[in-house]
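> The structure that follows is given in the form of structure tokens.
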Amino acid sequence: MNSIRVRIGVLGLALLAGLAAAPTTASGAEAAVLPPTVEEQRLDKAVPQEILRRSGFDSAAQEFARDLEAARSYAQAHRIVVREGSALWRRAVDRAQGRGPAGGDLSRDDDRPLYWARLSMTRDVRTWEPEFGLNDTQRAALLDVLERTSRGQTDIRYPHGGLKRVLLTGFDPFTLDRDIRISNPSGATALALDGTVIETADGPARVETAVFPVRWQDFAEGTVERTLRPYLRKVDLFTTVSQGRVGKFDIERTNGAWRGGFPDNENLSRTETVPVTDPASQPQWTTTTLPYKAIVAANTGRFPVYDNTSVTEIPAGGTEAVVRPDGPTEGSTARAGGGGNYLSNEIAYRATLLRDRLGLHDSLPGGHVHTPVLQFGAGNTDPATGSVTDPEFVRNRLDIIAQVRTILKVAADSPVTT
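Residue numbers for the sequence shown follow my numbering, so the first one is 52 and each next one is one higher.
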């Protein structure tokens with residue numbers, strides 16, 4: 052992502068216990084049905100429907116709608132949402148990793164069925180009018196738990212024992228109004244690697260993953276910190292991943308505290324300092340502790356990997372933004388990190404700031420990896436007439452996934468960079 056560029060388990064049960072008795076609104080009145088969001092409105096276009104049909108994920112959305120209509124209480128509806136949100140994530144992971152039926156001829160490595168099926172389910176919740184009535188708080192709680200469970204955010208499980216622990220995050224597809232066929236290789240990587248084991252020099256490492264939305268508001272509401280905080284003290288390595296530049300990987304050296312305003316998946320823009328808790332202690336910059344030198348030097352795959360040190364800053368005492376190829380200068384104000392000033396930079400900033408606020412800067416390797424842009428094959432580049440997939444598109448995505456996996460192995464084999 053550039054700058055313009057089912058396991059319900061203990062956590063799921065806790066969500067159920069805590070939210071099933073969600074409070075009513077101040078008046079206790081039934082809430083108005085919500086209109087579909089900008090993202091959800093794209094669902095009825097031909098491409099999303101083809102992706103759902105050719106993956107078999109249209110059935111998941113249909114079954115969810117039937118189950119939701121059969122609910123006779125808020126508590127029952129909440130149980131359905133927890134169960135089906137978790138099941139959707141597990142189904143997407145299983146499909147990506149070759150377990151169970153493919154459901155259609157769309158390649159198993161595709162991240163898009165999960166994205167569009169989730170939107171179908173959130174639209175059902177948003178527009179649902181049960182006979183027993185829903186208030187605003189209850190509907191919001193159902194939407195929240197559906198988002199979290201279907202993104203793997205409540206499914207992070209590390210077994211007890213001697214395995215090293217790796218945490219990786221990806222993103223939804225984005226820039227869908229430019230090309231609604233788009234896939235995000237970071238999301239595909241999250242599905243392909245969730246729960247897998249990588250052999251490192253110090254023994255096996257278990258990878259757990261989650262996927263995040265491309266929406267400014269979710270980040271402002273703390274979705275990154277809420278998901279990562281319980282695990283950063285427990286893992287040996289973390290990396291946030293997104294789609295970056297054409298034909299190359301970047302290990303982003305520096306992340307900036309600035310939102311550059313590029314529209315998100317709701318077509319909303321934000322141009323401001325990244326909103327965080329305790330802004331008084333908020334730094335303008337955070338840095339990677341991934342072993343970038345070792346990663347760049349290693350032969351990890353067919354795409355070149357770069358140590359990206361460039362940032363855009365307003366120098367101390369200045370008023371105009373300038374590009375600094377070698378990183379920020381003392382006292383400067385951030386305008387773009389190495390990964391730009393969109394949500395890829397922001398997830399890297401938030402994750403590394405959380406690392407630092409937990410006192411883990413010198414001990415926990417973590418940072419951001421930008422993958423190459425996932426490109427369609429020659430002759431299939433026109434969004435209006437092109438196919439939803441092609442052999443080169445699939446090959447590129449598989450190669451990116453494999454290279455991220457190798458980058459993780461190199462990082463796990465190397466000491467933390469401080």
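Using N, Cα and C, we set each Cβ at its ideal position, and we do this for glycine too.
1. Note the first and the last residue of the continuous alpha helix (DSSP H) segment covering residue 396.
2. Apply the 10 Å Cβ neighbour rule to residue 335 and answer buried if 16 or more other Cβ atoms are within range, or exposed otherwise.
3. Taking the alpha-carbon positions, what's the residue 459 to residue 362 distance?
4. So, at 7 Å on beta carbons, what are the nonlocal neighbours of residue 163 in its own chain, with the 5 sequence-adjacent residues on each side left out?
5. For residue 301, count neighbouring Cβ atoms within 10 angstroms of its own Cβ and tell me buried if that reaches 16, exposed if not.
6. Quick one: what does DSSP say residue 357 is sitting in, helix, strand or coil?
7. Across which residues does DSSP place residue 451 in a beta bridge pair?
8. Return the chain-ordered ranges of every alpha helix (DSSP H) run that is complete within the segment 257-342 and spans a minimum of 4 residues.
9. Which stretch, first to last residue, makes up the beta strand (DSSP E) that contains residue 472?
10. Would you give the residue range spanned by the alpha helix (DSSP H) that residue 200 belongs to?
11. Does DSSP classify residue 349 as helix, strand or coil?
12. Which whole-angstrom value describes the C-beta separation of residue 94 and residue 170, a residue pair presumed to lie in contact below a C-beta threshold of 8 Å?
13. Are the beta-carbon atoms of residue 425 and residue 283 separated by less than 8 Å?
14. Helix, strand or coil for residue 233, going by three-state DSSP, please let me know.
15. Apart from the five residues just before and just after residue 110, which ones in its own chain have a Cβ nearer than 8 Å to its Cβ?
16. Helix, strand or coil: which one does DSSP assign to residue 89?
17. For the alpha helix (DSSP H) containing residue 133, list its first residue and its last residue.
18. On the three-state DSSP scale, how would you describe residue 251?
19. Does the distance from the CB of residue 147 to the CB of residue 160 come in under 8 Å?
20. What residue does the alpha helix (DSSP H) around residue 97 start on, and which one ends it?
21. Output the distance between the C-alpha atoms of residue 136 and residue 207, rounded to the nearest integer angstrom.
22. Could you name the residues that DSSP lists as bridge partners for residue 375?
23. What do you reckon, is the C-beta of residue 227 under 7 Å from a heavy atom of the ligand ATP?
24. Excluding five sequence neighbours on each side, which residues of the same chain lie with their C-beta closer than 7 Å to the C-beta of residue 226?
25. Give a yes or no on contact between the segment 411-422 and the segment 287-301, applying the rule of three or more CB pairs nearer than 8 Å.
26. Is the distance from the Cβ of residue 309 to the Cβ of residue 324 below 8 Å?
27. Quick check on residue 353: buried or exposed, where buried means 16 or more other Cβ atoms within 10 Å of its Cβ?
28. Apart from the five residues just before and just after residue 204, which ones in its own chain have a Cβ nearer than 7 Å to its Cβ?
29. Is the beta carbon of residue 468 closer than 8 Å to that of residue 342?
30. I believe residue 340 touches residue 303 by the beta-carbon criterion, under 8 Å. Please report the beta-carbon distance rounded to the nearest angstrom.
31. Evaluate the contact criterion for the segment 195-203 versus the segment 128-142: three or more CB pairs, one atom per stretch, below 8 Å.
From the atom records:
1. Residue mapping note: residue 396 aligns to position 345 of the sequence shown, counting from 1. First-last of the alpha helix (DSSP H) with residue 396: 394-408.
2. Walking along the sequence shown from the start, residue 335 turns up at place 284. By the 10 Å Cβ count, residue 335 comes out buried.
3. One-based indexing of the sequence shown puts residue 459 at position 408. One-based indexing of the sequence shown puts residue 362 at position 311. When rounded, the distance between both Cα atoms is 24 Å.
4. By 1-based counting over the sequence shown, the position of residue 163 is 112. Around residue 163: 102, 224 and 234.
5. By 1-based counting over the sequence shown, the position of residue 301 is 250. Residue 301 should be labelled buried.
6. Counting from one through the sequence shown, the residue named residue 357 turns up at place 306. Residue 357 falls in the strand class under three-state DSSP.
7. Counting from 1 along the sequence shown, the entry for residue 451 is found at position 400. Paired residues: none, contrary to the question.
8. 267-271 and 274-283
9. Because residue 472 is not part of the residues shown, which for the chain are 52 to 469, the question remains open.
10. For the purposes of this step, residue 200 is identified with residue 149 of the sequence shown, where counting begins at 1. Looking at the DSSP string, the run of the alpha helix (DSSP H) that includes residue 200 is 187-201.
11. Working through the sequence shown from its first residue, we reach residue 349 at position 298. The answer is coil: DSSP assigns residue 349 none of H, G, I, E or B.
12. Here the question's residue 94 lines up with position 43 in the sequence shown. Here the question's residue 170 lines up with position 119 in the sequence shown. About 6 Å; that satisfies the 8 Å criterion.
13. Taking the first residue of the sequence shown as position 1, residue 425 is located at position 374. Taking the first residue of the sequence shown as position 1, residue 283 is located at position 232. Cβ atoms of residue 425 and residue 283: not closer than 8 Å.
14. Stepping through the sequence shown from its first residue, residue 233 is reached at position 182. In the structure shown, residue 233 sits in coil (DSSP, three-state: anything other than H, G, I, E or B).
15. Here residue 110 is taken as the residue at index 59 of the sequence shown, counted from 1. Once the five neighbours on either side are set aside, the close Cβ partners of residue 110 are 154.
16. Counted from its first residue, the sequence shown places residue 89 at position 38. Residue state, collapsed to three classes: helix.
17. Position 82 of the sequence shown, counting from 1, holds the residue named residue 133. 125-147 is the span of the alpha helix (DSSP H), which, as asked, contains residue 133.
18. Your numbering for residue 251 matches position 200 in the sequence shown. Residue 251 falls in the strand class under three-state DSSP.
19. Numbered from 1 along the sequence shown, position 96 holds the residue referred to as residue 147. Numbered from 1 along the sequence shown, position 109 holds the residue referred to as residue 160. Yes, the pair counts as a contact, with Cβ atoms nearer than the cut-off.
20. Looking up residue 97 in the sequence shown gives position 46. From DSSP, the alpha helix (DSSP H) with residue 97 extends over 97-106.
21. The residue given as residue 136 occupies position 85 in the sequence shown. The residue given as residue 207 occupies position 156 in the sequence shown. The alpha-carbon atoms of residue 136 and residue 207 are separated by roughly 14 Å.
22. The residue given as residue 375 occupies position 324 in the sequence shown. Partner(s): 362.
23. Here there are no bound small molecules, and the ligand ATP is not part of this structure.
24. Translated into the one-based positions of the sequence shown, residue 226 becomes position 175. For residue 226, where only same-chain residues beyond five positions count, the Cβ hits under 7 Å are 233.
25. yes
26. The count along the sequence shown starts at 1 and reaches residue 309 at position 258. The count along the sequence shown starts at 1 and reaches residue 324 at position 273. Cβ distance < 8 Å, so residue 309 and residue 324 count as in contact.
27. Position 302 of the sequence shown, counted from the first residue, corresponds to residue 353. Classification of residue 353: exposed, given that the 10 Å Cβ count is below 16.
28. Stepping through the sequence shown from its first residue, residue 204 is reached at position 153. Cβ neighbours of residue 204 beyond the five flanking positions: 261 and 278.
29. Taking the first residue of the sequence shown as 1, we reach residue 342 at position 291. Taking the first residue of the sequence shown as 1, we reach residue 468 at position 417. Yes, the pair counts as a contact, with Cβ atoms nearer than the cut-off.
30. Along the sequence shown, one-based indexing puts residue 340 at 289. Along the sequence shown, one-based indexing puts residue 303 at 252. 12 Å between Cβ atoms; not a contact.
31. yes
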